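*Asks:* Mind having a look at this structure? Questions to follow.
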Amino acid sequence: MEIAAIQTHGLTRRFGELTAVDDVTFSVAPGQFFGFLGPNGAGKSTTIKMLTGLLEPSAGTVEILGKPFSAAALDLKRQIGVVPEGMALLGRLTATEYLHFVGRMYGLDAATTNQRTEELLEFMQLANETRKLVTDFSHGMQKKLAMAAAVIHGPKVLFLDEPFEGVDAIAAGMLKNMLTGMISRGATIFLTTHVLEIVERLCSHVAIISKGRLVAFGSIDELRAGVASALPGVEQGQRFTLEEIFLAILGADGHQESTQELSWLA
Amino acid sequence: MAGVTRVGVNGTSGGVLGREARTQYAAMARMRWRMFVNGLRSIHGLLDLGATGIAWLFYSVFGLGFGLGLCAAAYSLASHSSWQYLPILFWVMSFLWLMFPVLVASFQEQSDLGILLRFPVHFGSYFLLYLISGLMEASTIVGVLCCLGVWFGIVMARPDLYLWAMLGLAVFAAFNILLVRAVFAWIDRWLSQRKTREIVGALFMVLILSMQLMNPAIWQHGHQRQGRLRQRQQIEQLLAEPWVKTADEVQRWLPPGLAAVALGQAAEQQPKPALESLGVMGLFLLGAGSVLGLRLRAEYRGENLGSAPARKKPATRPGKTMLVRDKAAEREGEDRLGESKSNAPAPIAAIIEKEIRSLPRTLPLLYAVGAPMVLVLVISGSFIRGASHGHMPLLSLPLCMFFAQIGFRQLFANSLGTEGPGIQLYFLCPTPMRTVLLAKNLFHSAVFVLVLVIAGFLATLRLGQPDGMVVAATVAWFLFVLPCSLAAGNIFSLTMPFRVNPGRISRQPGSQASALLSLVMQAGMVGVGAAVFELCSIGGMLWLAVPIFLALAAIAVFAWVRILGNSDEIANRNKDLLIATLMKAE
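Keeping their order, the protein sequence lines are chains Y and U.
One gets my numbering by counting positions in the first sequence from 1 and adding 4 to each.
One gets my numbering by counting positions in the second sequence from 1 and adding 713 to each.
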């Protein structure tokens, strides 16, 4: 039996009376490009924080590459890369200094760190900005730097929280190529984003979380078939987009389109 | 992963001092160094560097002063073999160690190690780095200088005790370093939730006021006794009281007492009991380390305090400040933009309302405003001897009131610090920055006046009724101090901002330059005040102080209005700095 790249059992996180993530169980196979979707406040970022050791679950377990995170946190942190919410950059460093710091923190030797820093800055088209402080970077440049920092140590599993937000079309295309290249070389990518077109184009499997609970899980084709069978009056062969699947599933979960008319708006 | 060269992996990492950990320490050190060097690229960074140097000089001078005093006291006690009084010195040091970080919180830029959690850093390394970052703090400098003072004092009187003194003081210093870190780490934990913060804030204010109100009664009791007994007899009588004996027995089992007792036993050639006392101290050291470790372990596992969301409110209860109001049309007389019917202009009222709500939830500021009230007690205590026939000495009222408002420096000089990412709103909305600052100034002025009234009332309770002319001159002085502080504070707020974490007293970022310059401003204002008061009273014309202060106040108000008028220009010039500094989460 193949060991899952990511496996959760009953993952739960409570903040006081609020349960942000409620009994979430799923698994992601190695080499999969996995999309984790949900409306705002559904619990996506909380889940990703628990999967990467930034937040302790209130209940449940996380296994990465077959090892429980709680027992092998150090070893697993060496094998995963993260672009966290907020990017966790250090504004008063230059891009080179930041990547050098991250590489050394992941245990790479100086020569490897320097070489990869150069290559990544070149790839991300940041090589001409080496004098600039990170705080002076545009949002898109910061995203590219955060992505570079997440992959500098060659992770086997990559967690990306809204990696394409604020990134221009050219850079987004470049990043997508890099990510699909990683997948073809056996890495696993766990992606959260609100841009459903990107998920549809890149991901083979998705999960949808709503109000902290997992409401859908499977390949996009499986979800498509599920929605087609659940909705009345669907013609045979009708192909749903991921956006339609998403809206159909969330509509069934109690999310309603607002009927409030803002009459005072021009 | 082919071809990856890692240091210290494959079983060679070797824990907190292994090769991998050492590489990480080097990376951290290099990162801090580069951040420091890069910080010097801007004027703000250079100002901060200068201010840091002056602040460290201040800590060193303060520590040396205390150290010298403790040295003399330790020498005197050791040369007279009065070891039973040595615990007093150790308790003073412990108190100083614990209180100093809070007193100088806004002068220190403290690092948050949360950034390390995503890297494969051992818990031991995380713990060690946390301790090392604690060593760089002012309280450690002052504490260590005090310990050195006590060591020198004992060794000068009893050279044979140099090893014992070194050992005892080293364990004592290590305990205090761990204790301070543990206490503040736990306080941060308790303050991470808004409700707890509000409860602690309210309790804190009640405590401060209770101390002040109880004090006159205690002083009255002490004053009557002072008339009957001479000082020495009084001390002897105090030491003979049963509760003092009980307290002495108890304190002997606590770290400051244990350290002093160990030294006393060593001095009396009782090495075994001395070692036992140090052993018990070692247990306290382990205890403090464990308590700190417990907290850091939770942080290390991913207890992200900052990420705890507020409780959800019932969906049926509409927010008071909702932009989308479905019942808006029902409200007569309100136009389509939803303007407030309050007498104050809408943005000013909105900002003041926000400030009223956020101040009780921002413990560092609440502490800054409330804690100096303790100084009323201290300052008035030094004037008590001068108080006679129920009348207070000349400068006591203005000085008590001045020290009560000393913490307002943090509000005035960084009035945008609590906004965080919300600073963007002020640049997006059609409200000019001068309106924003005006609203904040008005709110801060109201709290300022409230604190002064309470301080004046408490000083009157302790020292007796002040002279009418002193009250008039004091009011006139504060009419000068307030606009002066607001004017300078607005400039500092726009040019040297720093983000305030509402849930933390320790591990706050800070701007050394802003803290130091605003302190210099305060020193200048107290200097001007004292000079005018003294000169006018020497000439027997205290009434003259009133017009002088009023004239200065008019100049200060003029400056404040001018700066307020130019605040949009200054804000726009510093827009990038303001947004970047207040939004950053490093």
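Note that beta-carbon positions come from the ideal geometry of N, C-alpha and C, so glycine has one too.
None of these values were measured; they are calculated from a predicted model.
Counting contacts by CB-CB distance shorter than 9 Å, is Leu830(U) in contact with chain Y?
*Replies:* On the second sequence, residue 830(U) is found 117 positions in, with the first residue counted as 1. It does; some Cβ of chain Y falls within 9 Å.
*Asks:* To the nearest angstrom, report how far apart Leu1079(U) and Phe897(U) are at their CA atoms.
*Replies:* Counting from one through the second sequence, the residue named residue 1079(U) turns up at place 366. Counting from one through the second sequence, the residue named residue 897(U) turns up at place 184. Roughly 16 Å separates the two Cα atoms.
*Asks:* Can you confirm whether Leu137(Y), when its beta carbon is compared against all beta carbons of chain U, has any partner nearer than 9 Å?
*Replies:* For the purposes of this step, residue 137(Y) is taken as the residue at position 133 of the first sequence. True, the Cβ-Cβ gap to chain U drops below 9 Å.
*Asks:* Just the chain Y side, please: which residues come within less than 9 Å of Thr736(U) by C-beta, in chain order?
*Replies:* Stepping through the second sequence from its first residue, residue 736(U) is reached at position 23. Near Thr736(U) (Cβ distances below 9 Å), the residues of chain Y are Arg108, Met109, Gly111, Leu112, Asp113 and Ala114.
*Asks:* I want to see whether chain U comes within less than 9 Å of Gly39(Y), judged by CB atoms only; does it?
*Replies:* Here residue 39(Y) is taken as the residue at index 35 of the first sequence, counted from 1. By this cut-off, Gly39(Y) is not an interface position.
*Asks:* Identify the residues that DSSP records as bridge partners of Gly1130(U): which are they?
*Replies:* For the purposes of this step, residue 1130(U) is taken as the residue at position 417 of the second sequence. Gly1130(U) pairs with nothing; no bridge assigned.
*Asks:* The alpha helix (DSSP H) spanning Val893(U) covers which residue range?
*Replies:* Along the second sequence, read from residue 1 onward, the residue named residue 893(U) stands at position 180. Note, Val893(U): alpha helix (DSSP H), Tyr875 to Trp903.
*Asks:* Give me the DSSP bridge partner(s) of Leu22(Y).
*Replies:* In the first sequence, the residue the question calls residue 22(Y) occupies position 18. Bridge partners of Leu22(Y): Phe19(Y).
*Asks:* Can you tell me where the beta strand (DSSP E) with Ser1280(U) in it begins and where it stops?
*Replies:* On the second sequence, residue 1280(U) is found 567 positions in, with the first residue counted as 1. Counting along the chain, Ser1280(U) falls outside any beta strand (DSSP E), though it belongs to the alpha helix (DSSP H) covering Ser1280 to Arg1286.
*Asks:* 9 Å is my cut-off, CB to CB: does Asn1366(U) come that close to chain Y?
*Replies:* With chain U running from 714 to 1299 in the structure shown, residue 1366(U) is simply not present.
*Asks:* Looking at the C-beta of Leu1295(U), does it have a partner C-beta in chain Y at a distance below 9 Å?
*Replies:* Position 582 of the second sequence, counted from the first residue, corresponds to residue 1295(U). Cβ-Cβ to chain Y under 9 Å: no for Leu1295(U).
*Asks:* So, at 6 Å on beta carbons, what are the nonlocal neighbours of Val1037(U) in its own chain, with the 5 sequence-adjacent residues on each side left out?
*Replies:* Taking the second sequence and counting its residues from 1, one reaches residue 1037(U) at position 324. Any answer about Val1037(U) is weak, because its pLDDT of 35 lies below 50 and its placement is not dependable; what the coordinates show is given next. Within the same chain, Val1037(U) has no close Cβ partners at all.
*Asks:* For Ile187(Y) versus Gln36(Y), is the C-beta distance shorter than 9 Å?
*Replies:* Position 183 of the first sequence, counted from the first residue, corresponds to residue 187(Y). Position 32 of the first sequence, counted from the first residue, corresponds to residue 36(Y). Cβ distance < 9 Å, so Ile187(Y) and Gln36(Y) count as in contact.
*Asks:* Between His104(Y) and chain U, is the shortest Cβ-Cβ distance under 9 Å, so that the two count as touching?
*Replies:* Counting from one through the first sequence, the residue named residue 104(Y) turns up at place 100. True, the Cβ-Cβ gap to chain U drops below 9 Å.
*Asks:* Going by C-alpha to C-alpha distance, which of Arg18(Y), Phe105(Y), Phe19(Y) and Gly39(Y) sits closest to Asp165(Y)?
*Replies:* Position 161 of the first sequence, counting from 1, holds the residue named residue 165(Y). The candidate whose alpha carbon is nearest that of Asp165(Y) is Gly39(Y).
*Asks:* Using a beta-carbon distance below 9 Å, is Met145(Y) in contact with chain U?
*Replies:* Locating residue 145(Y) in the first sequence gives position 141, where the first residue counts as 1. Cβ-Cβ to chain U under 9 Å: no for Met145(Y).
*Asks:* To the nearest angstrom, how far is it from the Cα of Phe244(Y) to the Cα of Gly222(Y)?
*Replies:* As a working mapping, residue 244(Y) is identified with position 240 in the first sequence. As a working mapping, residue 222(Y) is identified with position 218 in the first sequence. Distance between the alpha carbons of Phe244(Y) and Gly222(Y): 15 Å.
*Asks:* For Gly70(Y), does the count of other Cβ atoms within 10 angstroms reach 16, so buried, or fall short, so exposed?
*Replies:* The sequence position of residue 70(Y) within the first sequence is 66, counting from 1. Gly70(Y) is exposed by the Cβ-count criterion.
*Asks:* Can you tell me whether DSSP reads Gln240(Y) as helix, strand or coil?
*Replies:* Locating residue 240(Y) in the first sequence gives position 236, where the first residue counts as 1. Coil, per DSSP.
*Asks:* Under 9 Å between C-beta atoms, does Val722(U) make it to chain Y?
*Replies:* Position 9 of the second sequence, counted from the first residue, corresponds to residue 722(U). With a pLDDT of 47 at Val722(U), under the threshold of 50, the predicted position of this residue should be treated as unreliable, and no value is reported.
*Asks:* Pairing CB atoms from the region 1119–1129 of chain U with CB atoms from the region 1149–1162 of chain U, are three or more of them under 8 Å?
*Replies:* Output reads yes: the region 1149–1162 of chain U touches the region 1119–1129 of chain U.
*Asks:* Count Cβ pairs between the region 830–848 of chain U and the region 788–800 of chain U that sit closer than 8 Å; are there 3 or more?
*Replies:* The region 830–848 of chain U vs the region 788–800 of chain U: no contact.
*Asks:* Between Pro159(Y), Val138(Y) and Gly158(Y), which lies nearest to Leu149(Y) when the distance is taken from Cα to Cα?
*Replies:* Here residue 149(Y) refers to the residue found at position 145 when the first sequence is read from its first residue. Ranking the options by Cα distance to Leu149(Y), first place goes to Val138(Y).
*Asks:* Nearest CA to the CA of Leu97(Y): which residue from Gly752(U), Ile1064(U) and Ala1081(U)?
*Replies:* For the purposes of this step, residue 97(Y) is identified with residue 93 of the first sequence, where counting begins at 1. Closest option to Leu97(Y), Cα to Cα, is Gly752(U).
*Asks:* Going along chain Y in order, which residues have a C-beta closer than 9 Å to the C-beta of Glu962(U)?
*Replies:* As a first step, residue 962(U) is located in the second sequence; it is residue number 249 there, counting from the start. Ordered by position in chain Y, no residue passes the 9 Å Cβ test against Glu962(U), which lies about 43 Å from the chain.
*Asks:* Name the DSSP bridge partner or partners of Val86(Y)?
*Replies:* Translated into the one-based positions of the first sequence, residue 86(Y) becomes position 82. The partner list for Val86(Y) (beta bridge, DSSP) reads Phe163(Y).
*Asks:* Could you list which residues in chain Y have their beta carbon closer than 7 Å to that of Pro1314(U), in chain order?
*Replies:* Since the first and last residues shown for chain U are 714 and 1299, residue 1314(U) lies out of range.
*Asks:* Of all Cβ atoms in chain U, is any one closer than 9 Å to the Cβ of Lys48(Y)?
*Replies:* By 1-based counting over the first sequence, the position of residue 48(Y) is 44. Lys48(Y) does not count as touching chain U.
*Asks:* I'd like to confirm the pairing. Which residues does DSSP put opposite Leu195(Y) in its beta bridges?
*Replies:* As a position in the first sequence, residue 195(Y) is number 191, starting the count at 1. DSSP, once it has assigned bridges, lists Gly39(Y) and Leu164(Y) as partnering Leu195(Y).
*Asks:* Assuming Ala887(U) and Leu998(U) make a contact with CB atoms under 8 Å, what is their CB distance in whole Å?
*Replies:* Translated into the one-based positions of the second sequence, residue 887(U) becomes position 174. Translated into the one-based positions of the second sequence, residue 998(U) becomes position 285. Contact flag correct, Cβ pair sits at about 6 Å.
*Asks:* Return the chain-ordered list of same chain residues with a C-beta closer than 8 Å to the C-beta of Leu179(Y), the five sequence neighbours on each side being excluded.
*Replies:* One-based indexing of the first sequence puts residue 179(Y) at position 175. Closer than 8 Å at Cβ, skipping near neighbours: Lys148, Met151, Pro167, Phe168 and Val171.
*Asks:* What's the gap between the Cα of Leu802(U) and the Cα of Cys859(U)?
*Replies:* Against the second sequence, residue 802(U) aligns to sequence position 89. Against the second sequence, residue 859(U) aligns to sequence position 146. If you take the alpha carbons of Leu802(U) and Cys859(U), they lie about 9 Å apart.
*Asks:* Starting from the Cα of Lys1153(U), find the closest Cα among Lys1067(U), Lys1288(U) and Ala1172(U) and give me that residue.
*Replies:* Reading the second sequence from its first residue, position 440 is the one you call residue 1153(U). Answer by Cα proximity: Lys1067(U).
*Asks:* Given a cut-off of 9 Å on the beta-carbon distance, is the pair Ala1201(U) and Met1234(U) in contact?
*Replies:* The residue labelled residue 1201(U) in the question sits at position 488 within the second sequence. The residue labelled residue 1234(U) in the question sits at position 521 within the second sequence. Yes, Cβ-Cβ distance for Ala1201(U) and Met1234(U) is below 9 Å.
*Asks:* Please decide whether Gly1130(U) counts as near chain Y, where near means a Cβ-Cβ distance under 9 Å.
*Replies:* On the second sequence, position 417 is the one that residue 1130(U) refers to. Cβ-Cβ to chain Y under 9 Å: no for Gly1130(U).
*Asks:* Quick check on Lys53(Y) - is its C-beta less than 9 Å from some C-beta in chain U?
*Replies:* Residue mapping note: residue 53(Y) aligns to position 49 of the first sequence, counting from 1. Yes - at least one Cβ of chain U is within 9 Å of the one on Lys53(Y).
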